[in-house]
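Engineer: One structure is given below, represented as C-alpha cells, and several questions about it will come after.
Protein chains: 2
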Amino acid sequence: MVTSRSAATARSQRASLRRRGPVLERAILEAALEQLSTVGWNGLTMEGVAFGAQTGKAAVYRRWPSKEDLVADALQAGLPTLGEAPDLGSVREDLYELCRRVRAAMYSKPGSALRSVIHECDGEIAERLHGLIVTGVIEPSTRLFREVVQRGIGRGDVRPDATGELLFDVVPALMMYRSKMCASEWTDSEIAAMIDQIMVPLLRPGRG
Amino acid sequence: MVTSRSAATARSQRASLRRRGPVLERAILEAALEQLSTVGWNGLTMEGVAFGAQTGKAAVYRRWPSKEDLVADALQAGLPTLGEAPDLGSVREDLYELCRRVRAAMYSKPGSALRSVIHECDGEIAERLHGLIVTGVIEPSTRLFREVVQRGIGRGDVRPDATGELLFDVVPALMMYRSKMCASEWTDSEIAAMIDQIMVPLLRPGRG
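Those sequence lines, one after another, are chains U and P.
At position 40 of the first sequence (counting the first as 1) the number is 39 in numbering that gives the first Met the number 0, and the numbers step up by one without a gap.
At position 48 of the second sequence (counting the first as 1) the number is 47 in numbering that gives the first Met the number 0, and the numbers step up by one without a gap.
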C-alpha cells in the first residue's frame with residue numbers, strides 16, 4: 000500500500016539518485032561486484048545490476064554493451080591491492096603478514112567476485128578476462144612473494160638458489176585449493192601451519 | 000527426406016538400442032560425463048544426456064530424479080584411479096611418476112567432468128558432491144603422496160619430520176592452480192620443474 004508519505008519518500012529518494020556520470024558509473028560497477036560475489040558470474044544479469052545500482056537497464060547498456068565488458072571494468076576498478084612487501088625481520092614473519100593480506104583480499108567483495116569469475120567462466124570468456132587476472136592479481140602477488148624471498152636470501156634465512164618461478168605460486172595455489180576443496184577459511188593458525196610446514200622448509204638454507 | 004532405406008536403418012538402430020537395464024544405465028552415465036566434460040555443469044541438461052545416450056528423457060528421470068543425483072552417480076562410476084604408489088628407487092622418480100598419473104587423471108573425460116563440477120557448482124550443490132570428491136579424489140591421492148613420502152623417509156632421501164598434512168596438498172594445489180590460472184597443460188618438463196624446484200627442496204633431509 001502506497002501512502003502519501005511513502006510516495007513522498009520514494010520521490011525524494013529518486014531525486015537523490017539523480018546522479019551524475021562518474022557517480023552513477025561507480026554505483027553500477029559496485030553493484031556488478033556485489034552481484035558477482037553473491038550470485039556469481041552465471042547468476043549476474045544486467046537487469047540485476049541495474050536494480051542493485053537503483054538505475055535503469057538502459058543506463059547500464061549505454062556504458063557497457065555486454066556483461067563481459069561490465070565485469071571486466073568492475074573487476075579492474077575494484078581489484079584488491081596487497082600494498083608494499085612487508086619487512087618484519089624474518090622470512091617467516093614477512094610471509095605470515097603477506098598471507099594475511101592475501102586472505103583479506105581473497106575474502107573481500109572484489110576478491111569474491113574475482114574468484115567467482117575464475118571458477119565459473121568458460122574458456123572463451125576466461126580468455127578475455129585472463130589478461131586482467133594476470134596483470135591485476137597474479138603478477139602483483141608474485142612480485143611481493145619474490146621480494147620477500149629475495150630479502151630473505153640477502154638476510155641469510157633463505158637459500159640463495161630459491162629463485163624458481165614456481166616457488167611464488169605455492170602460497171596462492173594452496174590458498175585457492177584448500178578454500179575450494181576443503182572450504183578452508185584460512186584462520187591465522189592455518190596460515191602459520193602453511194608457513195611452518197611448507198614455506199620455511201622449502202626456503203631454508205641447505206646443509207653445510 | 001526419409002527414404003525407405005533410411006527409415007529401415009533408423010528402425011534397425013532403434014532395435015539395436017533397445018538395451019537392458021545396466022547397459023542403458025552405463026550409456027546414460029557415460030553421456031552425463033561427456034556432457035560435463037564438454038558443456039560443463041551449467042550446460043548439462045537431462046535432455047542433453049538422454050540425447051547423448053540415444054534414449055528418452057523419461058528413461059533418465061526414471062533412474063535419477065535430478066541433475067545432481069545423475070552427476071553424483073556418473074562421477075562415482077567414472078572416477079579416475081591412480082593405481083598403487085610407484086616404487087622406483089627415489090622420491091624424485093616416485094613423485095614424477097605419480098604426477099604423470101595425476102595429469103592423466105585430470106585430463107581424462109571423468110577428470111574434466113569432475114573439474115567442471117568443482118569449478119562451476121555453487122555452494123549448496125558443491126556441499127552435496129563434496130563428500131564424493133573427498134573420498135573419491137582427495138583421499139586416494141593424499142594416500143599415494145603420503146606413501147611415497149614415507150617410503151622416502153625410510154630410504155633416507157626425505158627428512159623424517161615431513162609428516163604435515165599440508166605437504167600432500169602441494170602437488171594437487173599447484174596442478175589445479177596453474178591449469179586454471181595459466182592454462183598450463185603440465186608437460187613432462189613442467190612436472191619435472193615442479194618436483195625439482197618445490198618437492199625435492201621441501202622434502203630433502205636437513206643440514207648436518
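Each residue gets a CB set at the ideal place from its N, CA and C atoms; glycine is no exception.
What you are looking at is a predicted structure, and each value in this text was computed from that prediction instead of being measured.
(1) Can you tell me the Cα-Cα spacing of G39 of chain P and A52 of chain P, whole angstroms?
(2) With a 10 Å radius around its C-beta and 16 neighbouring C-beta atoms as the bar for buried, classify A104 of chain U as buried or exposed.
(3) Using a Cβ-Cβ distance cut-off of 7 Å, determine whether L32 of chain U contacts chain P.
(4) Tell me the rounded alpha-carbon separation between P200 of chain P and G205 of chain U.
(5) Please list the segments of the beta strand (DSSP E) lying wholly inside the stretch 10-69 of chain U, counting only runs of 3 or more residues, in order along the chain.
(6) Applying the 10 Å Cβ sphere with the 16-neighbour rule, what's the burial state of C181 of chain P?
(7) How is R203 of chain U classed by DSSP in three states: helix, strand or coil?
(8) Just how far apart, CA to CA, sit V1 of chain U and I190 of chain U?
(9) Nearest-angstrom Cα distance between T44 of chain U and L69 of chain U?
(10) Please list the segments of the beta strand (DSSP E) lying wholly inside the stretch 61-112 of chain U, counting only runs of 3 or more residues, in order along the chain.
(11) For I132 of chain P, return the contacting residues in chain C, with the cut-off set at a CB-CB distance below 8 Å.
(12) Cα separation between R19 of chain U and R61 of chain U?
(13) When the cut-off is 7 Å and only beta carbons count, does P109 of chain P lie next to chain U?
(14) Where does R177 of chain U fall in DSSP's three states?
(15) Pull up the distance between the alpha-carbon of S107 of chain P and that of L113 of chain P, whole angstroms please.
(16) Closer than 7 Å between beta carbons: that is the criterion. Which residues of the stretch 153-181 of chain U meet it against chain P?
(17) Taking the alpha-carbon positions, what's the G42 of chain U to G155 of chain P distance?
(18) Are the beta-carbon atoms belonging to A71 of chain U and V48 of chain U less than 7 Å from one another?
(19) Here's a check: name, in chain order, each residue in its chain whose Cβ is nearer than 6 Å to the Cβ of A148 of chain U, leaving out the five neighbours to either side.
(20) Beta-carbon separation of G151 of chain P and V90 of chain P under 7 Å?
(21) Please confirm if P200 of chain P has its CB atom under 7 Å from at least one CB of chain U.
(22) What are the boundary residues of the alpha helix (DSSP H) that D156 of chain P is part of?
(23) Determine the direct distance from the alpha carbon of K179 of chain U to that of V133 of chain U, and round the result to whole angstroms.
(24) Closest Cβ-Cβ distance between Q196 of chain P and chain U: below 7 Å?
(25) Counting only the same chain and skipping the five closest in sequence on each side, list residues whose C-beta sits under 7 Å from that of L94 of chain U.
(26) Rounded to whole angstroms, what's the CA-CA distance from E184 of chain P to L74 of chain P? Just pull it up for me.
(27) What's the gap between the Cα of P21 of chain P and the Cα of Y176 of chain P?
(28) Would a C-beta distance cut-off of 7 Å place L81 of chain U and L131 of chain U closer than the cut-off?
(29) For E164 of chain U and L173 of chain P, I'd like the C-alpha separation in whole angstroms.
(30) Under 9 Å between beta-carbons, which chain P residues line up against I117 of chain U? List them in chain order, please.
(31) Could you round the C-beta distance between C98 of chain U and V169 of chain U to whole angstroms and report it? I think they count as a contact, below 8 Å.
(32) Which residues of the stretch 54-80 of chain U have a Cβ closer than 8 Å to any Cβ of chain P? Give them in chain order.
(33) Quick check on E119 of chain P: does DSSP put it in helix, strand or coil?
(34) In chain P, what lies closer than 9 Å to A192 of chain U by C-beta?
(35) Taking Cβ positions, are E46 of chain P and K56 of chain P nearer each other than 7 Å?
Structural biologist: Put simply:
(1) Rounded to the nearest whole angstrom, the C-alpha separation of G39 of chain P and A52 of chain P is 17 Å.
(2) By the neighbour-count rule (16 or more Cβ atoms within 10 Å), A104 of chain U is buried.
(3) Closer than 7 Å: no.
(4) The alpha-carbon atoms of P200 of chain P and G205 of chain U are separated by roughly 9 Å.
(5) Listed in chain order, nothing qualifies, since the stretch 10-69 of chain U has no complete beta strand (DSSP E) run of 3 or more residues.
(6) Answer is exposed; the Cβ neighbour count stays below 16.
(7) Three-state DSSP puts R203 of chain U in coil, outside helix and strand.
(8) Because V1 of chain U sits at a pLDDT of 45, beneath the cut-off of 50, its placement in the model cannot be relied upon, and the following sentence gives the value as read from the coordinates. Approximately 53 Å between the Cα atoms of the pair.
(9) Distance between the alpha carbons of T44 of chain U and L69 of chain U: 10 Å.
(10) Counting whole runs of 3 or more residues, the stretch 61-112 of chain U contains no beta strand (DSSP E) stretch at all.
(11) The question asks about chain C, but that chain is absent: this structure's protein chains are U and P.
(12) Cα to Cα, the separation comes out at about 14 Å.
(13) Residue contact check for P109 of chain P against chain U: no CB pair falls below 7 Å.
(14) Correct three-state label for R177 of chain U: helix.
(15) S107 of chain P and L113 of chain P: Cα-Cα distance of roughly 10 Å.
(16) Under the 7 Å Cβ criterion, the stretch 153-181 of chain U contributes G163, L165, L166, D168, V169, P171, A172, L173, M175, Y176, R177, K179 and M180.
(17) Taking the CA atoms as reference points, G42 of chain U sits about 53 Å from G155 of chain P.
(18) Judged by their CB atoms, A71 of chain U and V48 of chain U are not nearer to each other than the 7 Å cut-off.
(19) It should be pointed out that residue 148 of chain U corresponds to Val in this sequence rather than to Ala. The beta carbon of V148 of chain U sits closer than 6 Å to those of V157 and A161, all from its chain and outside the five residues before and after it, given in chain order.
(20) Taking a C-beta distance under 7 Å as the contact criterion, G151 of chain P and V90 of chain P qualify as a contact pair.
(21) True, the Cβ-Cβ gap to chain U drops below 7 Å.
(22) Annotation for D156 of chain P: no alpha helix (DSSP H) segment contains it, and DSSP assigns it neither H nor E.
(23) So the two alpha carbons sit approximately 20 Å from each other.
(24) Yes - at least one Cβ of chain U is within 7 Å of the one on Q196 of chain P.
(25) Closer than 7 Å at Cβ, skipping near neighbours: V147, I194 and M198.
(26) Rounded to the nearest angstrom, the two C-alpha atoms are 22 Å apart.
(27) Each residue's Cα considered, the two are about 38 Å apart.
(28) No, the Cβ-Cβ distance between L81 of chain U and L131 of chain U is not below 7 Å.
(29) Approximately 12 Å, taken between the alpha carbons.
(30) Chain order gives the chain P residues near I117 of chain U as H118, K179 and M180, where near means a beta carbon separation below 9 Å.
(31) Actually they do not touch by this definition, with Cβ atoms about 11 Å apart.
(32) Within the stretch 54-80 of chain U, no residue qualifies.
(33) For E119 of chain P, the secondary structure class from DSSP, reduced to helix, strand or coil, is helix.
(34) Here the neighbours are G163, E164 and L165.
(35) Result yes, Cβ atoms of E46 of chain P and K56 of chain P sit closer than 7 Å.
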